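With the first letter of the sequence shown counted as 1, position 489 gets the number 489 in the UniProt record's numbering; the numbers rise by one all the way through.
Before any comments, here is the structure.
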Amino acid sequence: MPQLRIALAQVNTTVGDIDGNTALTVEWTRKAAEAGAHVVVFPEMSQTGYPVEDLTLRRTFAEASRRSVTELARRLDEAGCGEVLAYVGYLDHDEVGPRDAAAALYRGEVVARQFKHHLPNYGVFDEHRYFKPGTELEVLRLHGVDIGMVICEDIWQDGGPISALGKAGVDLVVAPNASPYERSKDEQRLPLIARRAAEAGAPLVYTNQIGGQDDLVFDGDSLVVGADGTLLARAPQFVEHLLVLDLDLPVASAAASGSFDGLEVHRRVLTDSPLPAYEPLTPTISEPLSDEAEVWSALVVGLRDYVHKNGFSTVTFGFSGGIDSAVCAALAADALGGDNVYGVSMPSKYSSSHSRDDASDLAERIGAHYRVEPIGDMVDVYVNQLQLTGLAEENIQARVRGMLLMALSNLDGHLVLATGNKTELAVGYSTIYGDAVGAFAPIKDLFKTHVWQLARWRNEEAAKRGETPPIPENSITKPPSAELRPDQKDSDSLPDYELLDDVLDDYVENDRGYVDLIEAGFDPETIDRVVRMVDRAEYKRRQYPPGTKITFKAFGRDRRLPMTNGWRERKS
Numbered sequence: 001m002p003q004l005r006i007a008l009a010q011v012n013t014t015v016g017d018i019d020g021n022t023a024l025t026v027e028w029t030r031k032a033a034e035a036g037a038h039v040v041v042f043p044e045m046s047q048t049g050y051p052v053e054d055l056t057l058r059r060t061f062a063e064a065s066r067r068s069v070t071e072l073a074r075r076l077d078e079a080g081c082g083e084v085l086a087y088v089g090y091l092d093h094d095e096v097g098p099r100d101a102a103a104a105l106y107r108g109e110v111v112a113r114q115f116k117h118h119l120p121n122y123g124v125f126d127e128h129r130y131f132k133p134g135t136e137l138e139v140l141r142l143h144g145v146d147i148g149m150v151i152c153e154d155i156w157q158d159g160g161p162i163s164a165l166g167k168a169g170v171d172l173v174v175a176p177n178a179s180p181y182e183r184s185k186d187e188q189r190l191p192l193i194a195r196r197a198a199e200a201g202a203p204l205v206y207t208n209q210i211g212g213q214d215d216l217v218f219d220g221d222s223l224v225v226g227a228d229g230t231l232l233a234r235a236p237q238f239v240e241h242l243l244v245l246d247l248d249l250p251v252a253s254a255a256a257s258g259s260f261d262g263l264e265v266h267r268r269v270l271t272d273s274p275l276p277a278y279e280p281l282t283p284t285i286s287e288p289l290s291d292e293a294e295v296w297s298a299l300v301v302g303l304r305d306y307v308h309k310n311g312f313s314t315v316t317f318g319f320s321g322g323i324d325s326a327v328c329a330a331l332a333a334d335a336l337g338g339d340n341v342y343g344v345s346m347p348s349k350y351s352s353s354h355s356r357d358d359a360s361d362l363a364e365r366i367g368a369h370y371r372v373e374p375i376g377d378m379v380d381v382y383v384n385q386l387q388l389t390g391l392a393e394e395n396i397q398a399r400v401r402g403m404l405l406m407a408l409s410n411l412d413g414h415l416v417l418a419t420g421n422k423t424e425l426a427v428g429y430s431t432i433y434g435d436a437v438g439a440f441a442p443i444k445d446l447f448k449t450h451v452w453q454l455a456r457w458r459n460e461e462a463a464k465r466g467e468t469p470p471i472p473e474n475s476i477t478k479p480p481s482a483e484l485r486p487d488q489k490d491s492d493s494l495p496d497y498e499l500l501d502d503v504l505d506d507y508v509e510n511d512r513g514y515v516d517l518i519e520a521g522f523d524p525e526t527i528d529r530v531v532r533m534v535d536r537a538e539y540k541r542r543q544y545p546p547g548t549k550i551t552f553k554a555f556g557r558d559r560r561l562p563m564t565n566g567w568r569e570r571k572s
């Protein structure tokens with residue numbers, strides 16, 4: 001049986017940085033060559049990064065992308081990697097329009113180009129806006145093995161390229177992917193790939209990118225599955241990695257080009273003779289992360305890449321002593337290092353002494369910079385001049401803090417983080433131009449109960465490693481409060497968070513209506529109250545900074561309701 005050594009280059013590309021991504025491809029192809037690989041597979045649109053959104057519509061960008069592939073083939077050959085068949089993703093543009101494309105590079109040439117067939121148009125995807133579908137499949141014979149290719153969504157949808165390759169006959173299928181992370185996605189991914197391998201009648205090589213891109217994050221988790229559905233190799237999550245394994249493959253049977261399921265299959269022979277037998281490598285199967293570790297890693301990578309890819313190295317935000325700012329601080333320290341975190345305590349006359357102590361303790365635990373900037377005098381200027389009372393007085397405290405943070409950002413060049421969670425955003429429990437200021441919101445897609453869960457998990461992990469838990473215990477256990485008026489508690493204006501998050505999960509995540517919520521056992525008064533708060537706060541969410549998506553339905557990318565909206569859920 002012919003052998004072939006396959007490398008999956010699970011890399012972190014940057015959208016728009018074609019030169020940087022090209023250099024990354026050369027670097028990782030060289031690593032693949034040094035590992036003895038005959039084939040290396042990069043993620044979807046690895047030359048341009050993914051998703052490129054409206055950059056797709058710029059002809060200059062598409063032309064630069066296409067040129068880069070030809071240049072990359074030459075550079076790989078000059079780097080001594082010409083004998084490695086490299087599959088790379090890029091943006092193409094032909095007489096039909098823009099294309100989500102992949103190219104095969106070998107011996108200094110582009111030996112094949114193929115366009116994505118299935119274009120997703122759900123959730124975070126909007127590819128019908130950007131791309132035209134491909135209708136041709138390129139099968140390459142390398143060392144006696146026929147290799148077919150599909151691109152990302154082509155394995156997530158029934159029919160099309162996988163079915164056509166199965167009928168046409170191939171020995172191996174490679175699948176460049178850019179599949180965004182969300183919780184528990186691996187429960188779908190592995191069974192799906194196993195089914196597609198069986199459908200193709202050949203092992204399937206699934207390479208996924210890692211890294212953050214605005215509010216999306218990619219977890220890698222690249223896989224190789226045998227034709228019988230057996231998991232053969234798996235890469236770790238949330239790290240760049242070269243997964244290398246050897247495959248024993250059947251001798252290529254005689255097969256012809258032709259039309260299958262409406263797709264034209266073309267074949268090209270690169271090298272026909274099988275390789276001499278060699279000693280195979282022991283395959284690596286990395287264990288998936290636990291749910292808490294997976295989510296924490298996603299938030300760390302999403303934050304780190306947003307900061308670094310946008311040219312920043314340091315962040316600043318309010319250290320209030322509460323659970324949200326504490327979790328954001330721990331995430332920032334893990335992502336950037338504590339020395340790159342600049343915490344600011346901004347006490348008002350309503351701030352408790354324990355909150356100030358907890359904020360100081362937090363900074364010491366994570367090794368962050370810390371300063372205290374009282375806001376009382378600044379708030380008094382507004383309160384006294386405008387005679388502010390009630391909600392207006394409460395909100396001006398948050399807005400003064402927001403202005404203070406932005407001033408320090410301008411002064412020192414730090415990127416400001418917003419520390420709000422998904423529960424607060426859902427019910428409008430945030431102040432525009434106050435605690436909503438910032439360039440990025442690390443826990444924007446975490447419900448409040450999940451924030452507490454992750455805080456406890458992160459502290460437990462630190463204790464297991466003999467490290468100082470990063471989050472003060474008091475920040476976890478004390479009743480949450482915005483501390484904008486005397487003795488204020490979140491429970492004064494919100495239902496219990498366990499109940500609130502339960503309702504929000506049904507209403508926001510699952511789009512359930514009033515009758516569904518009643519049938520789920522929720523109290524009608526609670527439903528009315530929560531639904532009213534959610535519906536009225538859409539304009540606030542539209543103005544909130546981006547934050548890493550980790551749930552099925554994140555605000556912004558996934559849930560997009562009109563701000564001006566007369567519809568209200570009713571009892572019947």
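Every residue, glycine too, gets a C-beta built ideally from N, C-alpha and C.
This one's a predicted model, so the numbers in the text were calculated from it and none came from an experiment.
{"Asked": "In terms of residue numbering, what span does the beta strand (DSSP E) encompassing S259 cover?", "Found": "G258 to F260"}
{"Asked": "For the segment 197–212 against the segment 147–163, do three or more pairs of beta-carbon atoms, one drawn from each stretch, fall closer than 8 Å, so that the two count as touching?", "Found": "yes"}
{"Asked": "Taking the Cβ atom as the reference point for each residue, do L263 and H117 lie within a distance shorter than 8 Å?", "Found": "yes"}
{"Asked": "Could you tell me the boundaries of the beta strand (DSSP E) in which H93 lies?", "Found": "L85 to H93"}
{"Asked": "For P161, name the three-state secondary structure that DSSP assigns.", "Found": "helix"}
{"Asked": "I'd like to know whether the C-beta atoms of L499 and T526 end up nearer to each other than 8 Å.", "Found": "yes"}
{"Asked": "Within the continuous beta strand (DSSP E) that includes Y370, where are the two ends?", "Found": "H369 to V372"}
{"Asked": "Looking only at its own chain, which residues have a Cβ that is under 6 Å from the Cβ of Y370, when we skip the five neighbours before and after it?", "Found": "G343 and A363"}
{"Asked": "Are the CB atoms of V416 and I396 nearer to each other than 8 Å?", "Found": "no"}
{"Asked": "Let me confirm a value: I285 is counted as buried when at least 16 other C-beta atoms fall within 10 Å, else exposed. Which label applies?", "Found": "exposed"}
{"Asked": "By the DSSP assignment, the beta strand (DSSP E) with V534 in it spans what residues?", "Found": "First-last for V534: P524 to R536, but that is the alpha helix (DSSP H), not the beta strand (DSSP E)."}
{"Asked": "Classify D215 as helix, strand or coil using the three-state DSSP reduction.", "Found": "coil"}
{"Asked": "Look at the Cβ atom of A418, then the Cβ atom of I323, and state whether they are nearer than 8 Å.", "Found": "no"}
{"Asked": "Can you grab the Cα-Cα spacing for the pair R66 / A462, in whole Å?", "Found": "47 Å"}
{"Asked": "Closest to M45 by CA distance: which of I518, A62, I432 and R536 is it?", "Found": "A62"}
{"Asked": "Can you list, in chain order, the residues of its chain with a C-beta nearer than 6 Å to that of V217? Leave out the 5 residues immediately preceding and following it.", "Found": "Y181, A298, V301, G302 and T548"}
{"Asked": "Could you work out which residue in G318, A335 and V327 is closest to P347 when comparing CA atoms only?", "Found": "G318"}
{"Asked": "DSSP puts Q114 in a beta bridge; with which residues?", "Found": "A102"}
{"Asked": "What three-state label does DSSP hand N459 in the structure shown?", "Found": "helix"}
{"Asked": "Quick one, are the C-beta atoms of P546 and D215 less than 8 Å apart?", "Found": "yes"}
{"Asked": "Would you call the segment 109–126 and the segment 220–229 in contact, with 3 or more CB pairs under 8 Å?", "Found": "no"}
{"Asked": "Between R195 and P480, what straight-line distance do the alpha-carbon atoms span, to the nearest angstrom?", "Found": "47 Å"}
{"Asked": "If you reduce the DSSP assignment to three classes, tell me which class P191 lands in.", "Found": "helix"}
{"Asked": "Report the residue from L517, N510, K540 and P524 whose alpha carbon sits nearest the alpha carbon of D558.", "Found": "N510"}
{"Asked": "Decide if A332 is buried, meaning its Cβ has at least 16 other Cβ atoms within 10 Å, or exposed.", "Found": "buried"}
{"Asked": "Taking the alpha carbon of Y106 as the point to measure from, which residue in D92, D126, E71 and P133 has its own alpha carbon closest?", "Found": "E71"}
{"Asked": "Anyone know if the C-beta pair for P176 and F42 falls short of 8 Å?", "Found": "yes"}
{"Asked": "In angstroms with no decimal places, state the Cα-to-Cα distance between R59 and H93.", "Found": "8 Å"}
{"Asked": "With G376 as the anchor, note down where its alpha helix (DSSP H) starts and where it stops.", "Found": "G376 to L386"}
{"Asked": "On a Cα-Cα basis, can you pick out the residue from L142, D535, P524 and V174 that is closest to I155?", "Found": "V174"}
{"Asked": "If contacts are defined as beta-carbon pairs under 8 Å, then Q209 and Y50 qualify, I think. What distance do you get, rounded to the angstrom?", "Found": "7 Å"}
{"Asked": "On the three-state DSSP scale, how would you describe A346?", "Found": "Sequence inspection shows Met at residue 346; the Ala mentioned does not correspond to that position. Here M346 sits in coil by DSSP."}
{"Asked": "Return helix, strand or coil for Q237, following the three-state DSSP convention.", "Found": "strand"}
{"Asked": "Between the Cα of G123 and the Cα atoms of I550, E569 and V170, which residue gives the shortest distance?", "Found": "I550"}
{"Asked": "Assess, as a yes-or-no matter, whether the segment 6–19 is touched by the segment 241–251 under the definition of 3 or more beta carbon pairs within less than 8 Å.", "Found": "yes"}
{"Asked": "Determine, for N395, whether the minimum Cβ-Cβ distance to residues of chain D falls below 8 Å.", "Found": "In the displayed structure, chain D is absent; only one protein chain is listed."}
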